[in-house]
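Engineer: Below are the structure tokens for one structure; questions will follow.
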């Protein structure tokens with residue numbers, strides 16, 4: 001269980017205080033898939049970095065399985081938005097996936113198996129020897145996902161991972177993430193600014209206000225577990241949920257402007 | 001096929017023409033200080049391929065190699081230390097900028113006082129000149145490690161040696177290589193200069209001896225040998241760079257095409 | 001904040017060099033304390049010979065730099081504008097460039113003795129390549145679309161150089177000047193030191209000959225200050241010349 | 001190729017600095033004094049020419065002398081040949097080498113000679129006080145510092161080694177300027193030094209001891225150095241050379257006869273401290289070159305392998 005309790009983050013620079021996150025509290029059940037959406041610039045990335053232990057909060061706490069997060073905790077993986085910068089350009093694809101396992105002290109044979117499996121799972125079974133920059137953007141993000149899979153995390157955080165890939169690739173990757181989640185049984189927190197994506201992917205959607213960020217609404221997505229791009233998106237319930245999230249975000253934007 | 005021929009022709013054409021011009025223009029030269037190229041080429045072999053190769057050329061190159069290697073280790077090591085700490089960086093930066101700005105040859109007389117006139121002094125001279133470009137470029141490179149990659153290492157708990165090897169050093173390697181290239185030309189300069197000051201062997205020493213003994217064709221051959229060595233070492237450097245930085249050039253080309 | 005820390009660093013460095021010889025960590029004879037060096041420096045600054053030497057050094061340096069830049073730009077634009085010439089000269093340039101300029105020392109001494117001319121030859125030789133290579137990069141960097149536009153508007157050759165080649169190459173030229181200024185200073189001082197042409201380098205040689213260790217250090221400090229000045233001035237010039245340019249170019253391994 | 005390129009590159013540099021360069025090929029205007037530049041080394045040995053200029057020995061022969069200080073004889077020879085200087089001062093080995101390599105040089109006057117007195121010369125082969133080296137023969141396998149190699153110094157040291165019964169080929173030489181030799185000797189970086197005045201005084205001051213007077217060992221009353229000019233000046237203006245030689249001879253004789261004035265003038269063109277100048281041993285300044293000693297040095301240089309073939313000494317001598 002991932003618990004965010006009273007989280008606040010204030011950036012102070014050049015004498016100006018910018019309150020990025022006001023007061024955020026929510027919980028993510030172990031093994032669940034939660035999407036976080038909010039208007040652009042609402043501090044989604046800040047929230048995710050606090051959860052990952054990459055950024056110390058100004059106030060409040062993040063707790064993972066009962067222990068407070070003060071630095072990157074064990075068993076947590078992050079897939080960053082900037083795939084081009086999160087992969088080591090000097091390592092081949094397989095070595096990129098392999099490096100965290102080496103750091104974790106996994107033995108060679110096991111590492112090999114995990115790397116092969118993870119790359120197969122994302123459909124890159126034949127790209128072991130390529131360098132990341134020889135791949136397209138979508139494929140690079142697949143490598144980043146494979147790296148997370150091979151790491152076998154208990155919690156997987158994804159920070160707008162598909163913001164920079166084209167629409168068709170994006171649909172494929174969404175389905176990939178769903179299947180990975182179902183197979184691995186990880187706790188998945190998925191940050192996005194895309195409302196369709198959030199509703200399509202998550203079991204729950206947490207909507208945020210403009211900064212200073214608060215939780216605007218916590219919505220359960222009662223769509224069936226088996227989802228696919230055609231039928232799920234055609235489902236009237238999908239349209240309804242989507243409309244609700246959309247309205248909430250619009251409201252948050254307006255409030256944000258009014259302030 | 002024709003494309004290859006054209007390229008070879010373009011690469012060799014001008015050098016061949018220039019050498020030919022030199023050859024024929026100097027053929028009948030009676031000017032003592034501009035001997036015919038033919039004479040220079042004739043003395044080149046006997047002058048350098050023999051005892052002098054072992055007694056002068058190799059010791060010079062050995063000192064260069066030793067000094068350069070030490071400067072690499074020292075420069076990269078200190079550079080990583082300084083570059084990865086904001087405070088250390090802020091404190092040392094002006095001092096380093098100053099030390100780097102000192103033209104390295106002026107340190108020769110000082111180092112002679114301190115380290116005498118033997119191999120130690122000459123290696124120290126080479127280190128003292130080569131270390132700065134490497135050090136400062138390493139600092140800049142380490143400083144510019146990508147934030148996302150840094151975060152990636154943190155979340156995946158990649159630490160210690162693995163982190164130094166696979167994140168810090170590799171990130172900084174394009175800049176380290178730039179520094180190393182600058183250091184190489186400084187090193188060659190200092191190899192020669194240190195031998196012009198006090199020596200009983202070495203390339204620089206021998207060339208000066210030829211000058212003092214008025215053996216002008218031999219002196220020219222020494223100048224040419226130094227030039228060839230410079231060219232050879234820079235070619236060698238390119239081969240190594242190609243190995244070390246293939247990922248860098250590849251990713252840059254990929255970026256440009258996108 | 002950083003400036004303060006840097007100042008503290010400089011002071012600390014000076015203090016270290018003051019204390020180390022005083023407490024006997026290093027022999028004072030070879031490592032005079034900072035105060036001695038600075039005192040000596042103050043003494044030197046009061047002497048005419050010092051300023052004459054400074055003048056000679058600056059003259060050699062700037063003259064060499066100016067000649068190298070002028071030659072580098074003219075030759076670079078001439079070679080770079082004609083693709084065939086560029087292709088035909090590239091191997092020669094790649095060969096001549098790494099030739100260490102100090103290899104020419106015996107030659108210039110024999111030909112010109114201990115004169116400023118000798119040192120100038122070294123300076124120009126070394127600095128020329130820095131400029132030339134940058135200019136060639138700059139000329140090669142011309143946007144093909146801009147080139148086609150210029151052609152379609154039937155700009156003549158001179159207008160193309162004036163409005164297309166030159167503005168594109170300018171940032172590279174400035175970078176070349178910055179690199180050349182450093183190299184030129186090194187070779188100026190080296191020439192004076194080794195060849196004995198008049199200037200600061202020769203003063204260092206004289207100080208060495210008479211065993212005046214503090215004077216040697218004082219003069220080395222002066223050369224360091226020159227180096228810093230050269231860096232600061234040329235970097236500022238570079239920023240000024242490039243401020244409009246999309247990429248403040250870093251030196252990339254080419 | 002490089003040279004041509006360099007020449008091409010440097011044409012503007014040369015133009016720009018023509019003012020500081022040489023002005024060769026000047027022709028004497030009737031009535032006006034001939035302007036000549038003489039390349040000298042700032043050491044004791046050239047006191048006569050400074051004295052001669054001061055005393056007007058050149059002026060009265062219608063020669064306007066400018067003295068230019070250079071690093072060593074090896075640097076002066078090319079400058080004289082290229083016309084940058086009209087006359088120069090150099091040790092005789094450098095001249096013999098230059099001559100044998102085909103450089104058109106010609107001696108015009110004696111320079112200076114050793115005192116001829118063993119143990120009381122103006123130059124000496126010295127070791128430090130605690131050195132086990134007793135004679136020059138003990139230098140086999142040892143390192144000796146010489147200001148520059150391939151000149152009179154290493155030839156003379158080898159002569160001392162030979163005289164003491166040692167094998168001169170087994171002595172190693174390191175090039176080190178005179179001023180640094182005392183310190184190098186004291187710190188043990190070299191086993192012996194060959195120094196001239198005033199550095200002889202410095203080594204004596206630190207307790208060093210003389211093991212040989214190498215110039216004395218080389219030849220009796222050895223001519224160490226001489227003034228020379230180029231064949232071109234000689235053929236274009238033989239009359240000027242003649243006047244220069246006469247002025248030089250008068251200067252040499254005067255200096256030889258007035259050592260106190262010589263000492264006084266040394267203080268004016270060197271930085272040697274007054275009390276040291278008073279103590280140094282002065283060379284001898286005979287007016288005529290000791291021809292036999294030049295021949296002897298030529299023979300030694302041949303034996304040492306410095307010269308490839310016997311020198312035509314007669315062509316070089318005035």
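Residue numbers (UniProt numbering), protein chains in the order written: chain A, 1 to 259; chain B, 1 to 258; chain C, 1 to 254; chain D, 1 to 318.
Beta carbons are placed, not taken as given, at the ideal position from N, Cα and C, and that holds for glycine.
All figures in this text were calculated on a predicted structure; none of them were measured in a lab.
1. Below 8 angstroms, how does it come out for the segment 65-85 of chain D and the segment 251-262 of chain D: are there three or more Cβ pairs, yes or no?
2. Mind pulling the chain B residues with CB within less than 7 angstroms of residue 193 of chain C?
3. I want to verify the contact list: residues of chain B whose CB lies under 8 angstroms from the CB of residue 134 of chain A, in sequence order.
4. Under 7 angstroms, Cβ to Cβ, is there at least one residue of chain C near residue 186 of chain D?
5. Could you name the residues of chain D that residue 117 of chain B contacts, counting a contact when the two beta carbons are closer than 7 angstroms?
6. Using only the alpha-carbon positions, how far apart do residue 157 of chain A and residue 52 of chain A sit?
7. Can you tell which of B:20, B:29, B:143 has the C-alpha that lies nearest to the C-alpha of residue 169 of chain B?
8. Under 7 angstroms between the Cβ atoms of residue 83 of chain A and residue 168 of chain A?
9. From what residue to what residue does the alpha helix (DSSP H) around residue 37 of chain A run?
10. Under 6 angstroms Cβ to Cβ from residue 184 of chain C, same chain only, skipping five residues before and after it: list those, please.
11. Of the residues C:143, C:158, C:208, C:9, which one's Cα is nearest the Cα of residue 168 of chain C?
12. Could you check the C-alpha separation between residue 14 of chain B and residue 97 of chain C for me, to the nearest Å?
13. Under a three-way DSSP split, which group does residue 17 of chain A fall into?
14. Run the CB neighbour count on residue 290 of chain D, radius 10 Å, all protein chains shown included, and call it buried at 16 or more, exposed below.
15. On a CA-only basis, which of B:40, B:56, B:26 is nearest residue 217 of chain B? Give me that one, please.
16. Leaving aside the five residues before and after residue 41 of chain A along the sequence, list all residues of the same chain whose C-beta is less than 8 angstroms from its C-beta, in chain order.
17. Which term fits residue 123 of chain A, buried or exposed, when burial requires 16 or more other beta carbons within 10 angstroms of its beta carbon?
18. Going along chain D, which residues have a C-beta under 7 angstroms from residue 213 of chain B?
19. Does the separation of the CB atoms of residue 204 of chain C and residue 187 of chain C fall below 7 angstroms?
20. With DSSP as the reference, please indicate the residues paired to residue 68 of chain A in a beta bridge.
21. Counting along the chain, where does the alpha helix (DSSP H) carrying residue 248 of chain D start and finish?
22. Is residue 204 of chain A helix, strand or coil when you go by DSSP?
23. Among B:185, B:231, B:116, which one has its Cα closest to the Cα of residue 91 of chain C?
24. Which residues does DSSP list as the beta-bridge partners of residue 156 of chain A?
25. Consider the Cβ of residue 145 of chain D: report whether some Cβ of chain C lies at a distance smaller than 7 angstroms.
26. Nearest by alpha-carbon distance to residue 177 of chain B: which of B:16, B:101, B:153, B:133 is it?
27. Expressed to the nearest angstrom, what Euclidean distance is found between the alpha-carbon atoms of residue 79 of chain B and residue 163 of chain B?
28. So residue 68 of chain B is in the alpha helix (DSSP H); what residue range does that whole segment cover?
29. Using a C-beta to C-beta distance shorter than 9 angstroms, which residues of chain B count as neighbours of residue 101 of chain D?
30. List the DSSP bridge partners of residue 107 of chain D.
31. Touching or not, the segment 116-126 of chain B and the segment 65-82 of chain B, by the rule of three or more beta carbon pairs under 8 angstroms?
32. If residue 153 of chain D sits next to residue 146 of chain D, beta carbons under 8 angstroms apart, how far is it from one beta carbon to the other, in whole angstroms?
33. According to DSSP, simplified to helix, strand and coil, what is residue 60 of chain D?
34. Under three-state DSSP, which class holds residue 44 of chain B?
35. Does the structure place the segment 88-103 of chain D close enough to the segment 245-253 of chain D that three or more beta carbon pairs sit under 8 angstroms?
36. Compare the Cα-Cα distances from residue 94 of chain C to each of B:238, B:252, B:251, B:247 and report the closest residue.
Structural biologist: Quick answer:
1. The answer is no - the segment 251-262 of chain D does not touch the segment 65-85 of chain D, with fewer than three Cβ pairs under 8 angstroms.
2. Chain B residues near residue 193 of chain C: 105, 106.
3. Contact of residue 134 of chain A with chain B by beta-carbon distance below 8 angstroms involves 250, 254.
4. Cβ-Cβ to chain C under 7 angstroms: no for residue 186 of chain D.
5. Under the 7 angstroms cutoff, chain D gives 174, 176, 184, 189.
6. Going by C-alpha positions, residue 157 of chain A is about 8 angstroms away from residue 52 of chain A.
7. Sorting B:20, B:29, B:143 by C-alpha distance to the C-alpha of residue 169 of chain B places B:143 at the top.
8. In this structure, residue 168 of chain A does not lie closer than 7 angstroms to residue 83 of chain A by Cβ.
9. Careful: residue 37 of chain A lies outside any alpha helix (DSSP H), inside the beta strand (DSSP E) at 33-37.
10. These residues qualify, in order along the chain: 61, 64, 65, 123, 127.
11. Taking only the C-alpha atoms, the option nearest residue 168 of chain C is C:143.
12. Computed Cα separation, rounded: 15 angstroms.
13. Looking at residue 17 of chain A - three-state DSSP - the assignment turns out to be strand.
14. Buried is the label assigned to residue 290 of chain D, since at least 16 other Cβ atoms lie within 10 Å of its Cβ.
15. Ranking B:40, B:56, B:26 by Cα distance to residue 217 of chain B puts B:40 first.
16. These residues qualify, in order along the chain: 210, 211.
17. Residue 123 of chain A should be labelled exposed.
18. Proximity of chain D to residue 213 of chain B at the Cβ level (cut-off 7 angstroms) is accounted for by 97, 150, in chain order.
19. No; because the gap between Cβ atoms is not below 7 angstroms, this pair is not in contact.
20. In DSSP, residue 68 of chain A forms a bridge with A:63.
21. Element bounds for residue 248 of chain D: 238-257.
22. If DSSP states are grouped into helix, strand and coil, residue 204 of chain A belongs with the strands.
23. The option with the nearest alpha carbon to residue 91 of chain C is B:231.
24. In the DSSP secondary-structure assignment, residue 156 of chain A is bridged to A:77, A:188.
25. No, its Cβ sits nowhere closer than 7 angstroms to a Cβ of chain C.
26. Residue 177 of chain B has its Cα closest to that of B:133, out of B:16, B:101, B:153, B:133.
27. So the two alpha carbons sit approximately 16 angstroms from each other.
28. Start and end: 58-83.
29. Residues of chain B passing the Cβ test: 32, 213, 214, 215, 216.
30. BP columns for residue 107 of chain D point to D:228.
31. The segment 116-126 of chain B, when compared against the segment 65-82 of chain B, does touch it at the 8 angstroms Cβ threshold.
32. Indeed they touch by this definition, with Cβ atoms about 4 angstroms apart.
33. Here residue 60 of chain D sits in helix by DSSP.
34. Reduced to three states, the DSSP call for residue 44 of chain B is helix.
35. In short, these stretches do not touch, since the Cβ pair count stays below three.
36. Measuring C-alpha to C-alpha distances from residue 94 of chain C to each of B:238, B:252, B:251, B:247 identifies B:238 as the nearest.
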